[in-house]
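All remarks here apply to the structure that follows.
In our numbering, the protein residues as written are 63 to 434.
Dropping the structure here:
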């Protein structure tokens, strides 16, 4: 005989979240999962072995691995990839017959493809969320089958015409520590006071940042360097070199490959130097912090430059293309921005006004509507 807890679990609706590849897909998926849990849903994550590496602590009742692969034009790799994807779709179909989800929510990355295809074949409602300003390959392929194509920014390039009517701008769901940073007012920077500069380069750090930024800061005027408190995320192999540069320049700096308290760091920053991934731009908006953005030049469809418009378009950030990101150019920009505390505060307010901090709730509302 089933106990009350088992009966209750059986009566709850199930949402399968299909995501993987990078933290950029899984972080917003995690925030959405938390909101669906709060609303009484059972949540399962479907990804592959690579996606699981980024899923530590993901708020799911269970994480399901299915085979997945990225297609390429090379025929020697395309055929094995197709076979692997086919196995993944069949595995997802078998699991859906058992769990009978009310909804499949795809957050992009090639590990999401088998689950979305299985949902289409089983006629399970599909919701897609695109974090970037350019629709990714999997989301682009599945957009025509989705009841809703939710997106992080107003701009959404490469959306198929047949899916245009289903587009909904909700923003990118963010983690609770970032929402907490929004509750902290922009820190005052009185004349002659301390200035907090935060430098983040994505989950693996940015090699270019480790080469250019310490040298640029070392070139700042003496009085400005003396007021700086720098927090710099760099690649492991660049930590020692960056530390030496800051020490020689007599700049107070914390240098590490990763910081676990990013919400706190963001909340105390006067200015941030960052890549322009969807999560980074969204977190800057939500926290309300001005930035200098350097889009990753090799990003697919140049989507990071498109993402950056979420801040540059409202006057909250400066933009450097990689070819122009030199110590001399960055040093001049830093001197101009850090020398104008009022201007930084204005930019912070513009970033904050562009945010959609209720993104997870808005997306959950749409999800529940699709599943009805």
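Even for Gly, the Cβ is constructed at its ideal location relative to N, Cα and C.
Leaving aside the five residues before and after residue i along the sequence, list all residues of the same chain whose C-beta is less than 6 Å from its C-beta, in chain order.
i, result
"residue 132", "172"
"residue 181", "166 and 188"
"residue 385", "none"
"residue 69", "Interpretation of residue 69 is limited by its pLDDT of 46, a score under 50 that renders its predicted location unreliable; the figure taken from the coordinates is listed afterwards. Correct list: empty, nothing qualifies."
"residue 168", "80, 174, 178 and 190"
"residue 424", "232"
"residue 158", "180 and 184"
"residue 146", "129 and 131"
"residue 442", "It is not possible to answer for residue 442, since the shown part of the chain is limited to 63 through 434."
"residue 151", "176, 179 and 180"
"residue 302", "none"
"residue 331", "258, 260 and 351"
"residue 422", "93, 94, 97 and 235"
What are the boundary residues of the beta strand (DSSP E) that residue i is part of?
i, result
"residue 191", "188-192"
"residue 168", "165-168"
"residue 314", "314-318"
"residue 106", "104-109"
"residue 291", "290-295"
Looking at the secondary structure, which residues open and close the alpha helix (DSSP H) in which residue i lies?
i, result
"residue 184", "Taken as a continuous stretch (DSSP letters only), residue 184 belongs to no alpha helix (DSSP H), as it is neither H nor E."
"residue 427", "421-433"
"residue 412", "403-415"
"residue 211", "Residue 211 -> not in any alpha helix (DSSP H); beta strand (DSSP E) instead, spanning 210-213."
"residue 418", "First-last for residue 418: undefined, no H or E at that position."
"residue 92", "85-100"
"residue 305", "301-310"
"residue 276", "269-280"
"residue 329", "324-330"
Can you look up residue i in the DSSP assignment and give me helix, strand or coil?
i, result
"residue 256", "coil"
"residue 379", "strand"
"residue 74", "coil"
"residue 229", "strand"
"residue 351", "coil"
"residue 336", "strand"
"residue 141", "helix"
"residue 370", "helix"
"residue 124", "strand"
"residue 285", "helix"
"residue 236", "coil"
"residue 80", "strand"
"residue 196", "strand"
"residue 363", "helix"
Apart from the five residues just before and just after residue i, which ones in its own chain have a Cβ nearer than 8 Å to its Cβ?
i, result
"residue 239", "323, 324, 325 and 326"
"residue 196", "218, 219, 220, 362, 363, 364, 365 and 368"
"residue 134", "140 and 143"
"residue 387", "270, 274 and 356"
"residue 401", "286"
Apart from the five residues on each side of it in sequence, which residues of its chain come closer than 7 Å, Cβ to Cβ, to residue i?
i, result
"residue 229", "211, 213, 218 and 221"
"residue 307", "276, 277 and 280"
"residue 426", "94, 97, 98 and 101"
"residue 282", "393, 396 and 397"
"residue 244", "348, 349, 350 and 419"
"residue 66", "Unreliable positioning characterises residue 66 in this predicted model, as indicated by a pLDDT of 44, which lies under 50. A coordinate reading is not provided."
"residue 248", "350, 407 and 410"
"residue 320", "295"
"residue 83", "112, 113, 171, 172 and 173"
"residue 372", "215, 343, 347 and 416"
"residue 241", "348 and 419"
Would you please state the rounded distance, in angstroms, between the beta carbons of residue i and residue j? I believe it to be under 8 Å.
i, j, result
"residue 105", "residue 125", "That pair is no contact at about 10 Å."
"residue 209", "residue 77", "Incorrect: roughly 13 Å between the Cβ atoms, too far for contact."
"residue 399", "residue 406", "6 Å"
"residue 176", "residue 130", "6 Å"
"residue 391", "residue 353", "Going by Cβ atoms, the distance from residue 391 to residue 353 rounds to 16 Å, so no, they are not a contact pair."
"residue 357", "residue 274", "Not quite, the Cβ-Cβ distance comes to about 14 Å (not below 8 Å), so this is no contact."
"residue 74", "residue 433", "With a Cβ gap of about 12 Å, residue 74 and residue 433 do not count as contacting."
"residue 251", "residue 272", "Not a contact, Cβ separation roughly 26 Å."
The stretch 341-351 touching the stretch 226-239, judged by at least three CB pairs closer than 8 Å: Counting Cβ pairs under 8 Å, three or more are found: they touch.
Three or more C-beta pairs below 8 Å linking the stretch 360-367 and the stretch 103-120: These segments do not touch.
Validate contact between the stretch 330-345 and the stretch 295-314 using beta carbons, cut 8 Å, 3 pairs: In short, these stretches do not touch, since the Cβ pair count stays below three.
At least 3 beta-carbon pairs within less than 8 Å: the stretch 257-264 vs the stretch 289-307: Three or more beta-carbon pairs drawn from the stretch 257-264 and the stretch 289-307 are found closer than 8 Å, and the two stretches are therefore classed as touching.
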